[in-house]
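Everything below concerns the one structure shown next.
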Amino acid sequence: MTDNERATCTALAGLLRAAAVLAFLGLALTCIAALVLALTLRGLSNTAILAFAAVMVLGVIERYFAFRLRLDQALFEGLANGQIASLGALDNALSVLGLRDPPPHPSARALADRVQGTRQLMQRHAIVIAGQNALFLLALMTQEIA
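Under our numbering, the first residue of the sequence shown is numbered 1, with each subsequent residue one higher.
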């Protein structure tokens, strides 16, 4: 790997560390929605029940994305620090662990493609959390003030 590629890996790993705040927000919304449903189910409107339940379902999807992003962060840190020697070695390790199909040809996928894939995953994660926020607010707004 070149110095520029290592710098790209370092920058992306830093971005993924910063994006972990979103993962915490998604987890918090999921936990709060579960607590609200568990403690006040009978007093909630049907719309609020459905919205809180949807927040929980999106929370499962959010946890999957958060896991994948955390894995990508560790892999990019390994590439940046030289703990993973090359992209081909990374592909082989992922394939041995059953996390990726073996590459059809020995040439490794380009770093730019990997960065783009991780950024798309980050965007999907943010969209899920935005959906959680919208549904959470909908649930709060449909409740009567007592």
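Don't be surprised by glycine CBs; every beta carbon is placed ideally from N, CA and C.
Item to check | Buried versus exposed, by CB contacts within 10 Å (16 or more), Tyr64 | outcome: Sequence index remark: in the sequence shown, residue 64 carries index 64 (1-based). Tyr64 comes out exposed.
Next on the checklist: Leu111 and Thr8 - do their beta-carbons sit closer together than 8 angstroms?
Outcome noted: Here residue 8 is taken as the residue at index 8 of the sequence shown, counted from 1. Here residue 111 is taken as the residue at index 111 of the sequence shown, counted from 1. Yes, they are a contact pair.
Checklist entry - Are the beta-carbon atoms belonging to Leu121 and Leu69 less than 8 angstroms from one another? => result Along the sequence shown, one-based indexing puts residue 121 at 121. Along the sequence shown, one-based indexing puts residue 69 at 69. Against a cut-off of 8 angstroms, the Cβ pair of Leu69 and Leu121 comes out as a contact.
Checklist entry - What is the rounded straight-line gap between the Cα of Gly26 and the Cα of Met141? => result Within the sequence shown, numbered from 1, the residue matching residue 26 stands at position 26. Within the sequence shown, numbered from 1, the residue matching residue 141 stands at position 141. Distance between the alpha carbons of Gly26 and Met141 is about 19 angstroms.
Checklist entry - Among Leu135, Gln143, Leu79, which residue has its Cα nearest to the Cα of Gly14? => result Position 14 of the sequence shown, counted from the start, is the residue given in the question as residue 14. Gly14 has its Cα closest to that of Leu79, out of Leu135, Gln143, Leu79.
Checklist entry - Looking at the structure shown, is Met147 part of a helix, part of a strand, or coil, going by DSSP? => result Because the chain in this structure spans residues 1 to 146, residue 147 falls outside the shown range and cannot be described.
Next on the checklist: I want to check one thing, is the minimum distance from the CB of Phe65 to the heavy atoms of the ligand MG below 7 angstroms?
Outcome noted: For the structure depicted, the ligand MG is absent and the ligand set is empty, with no information on it obtainable.
Checklist entry - So the alpha helix (DSSP H) Leu75 belongs to, where does it begin and stop? => result For the purposes of this step, residue 75 is taken as residue 75 along the sequence shown, with counting starting at 1. 46 to 81 is the extent of the alpha helix (DSSP H) around Leu75.
Checklist entry - Do you know whose CA, among Phe76, Ile127, Ala51, lies nearest Val115's CA? => result Counting from one through the sequence shown, the residue named residue 115 turns up at place 115. Nearest C-alpha to Val115: Phe76.
Next on the checklist: Let me check understanding here. Comparing Cα to Cα, which of Val21, Ala48, Gly43, Ala85 lies closest to Thr2?
Outcome noted: Within the sequence shown, the letter at position 2 stands for residue 2. When only C-alpha atoms are compared, the closest one is Ala85.
Checklist entry - Short check: CB of Gly117 to CB of Leu58, under 8 angstroms? => result To locate residue 117, count along the sequence shown from 1; it is residue 117. To locate residue 58, count along the sequence shown from 1; it is residue 58. Not in contact: Gly117 and Leu58 (Cβ atoms no closer than 8 angstroms).
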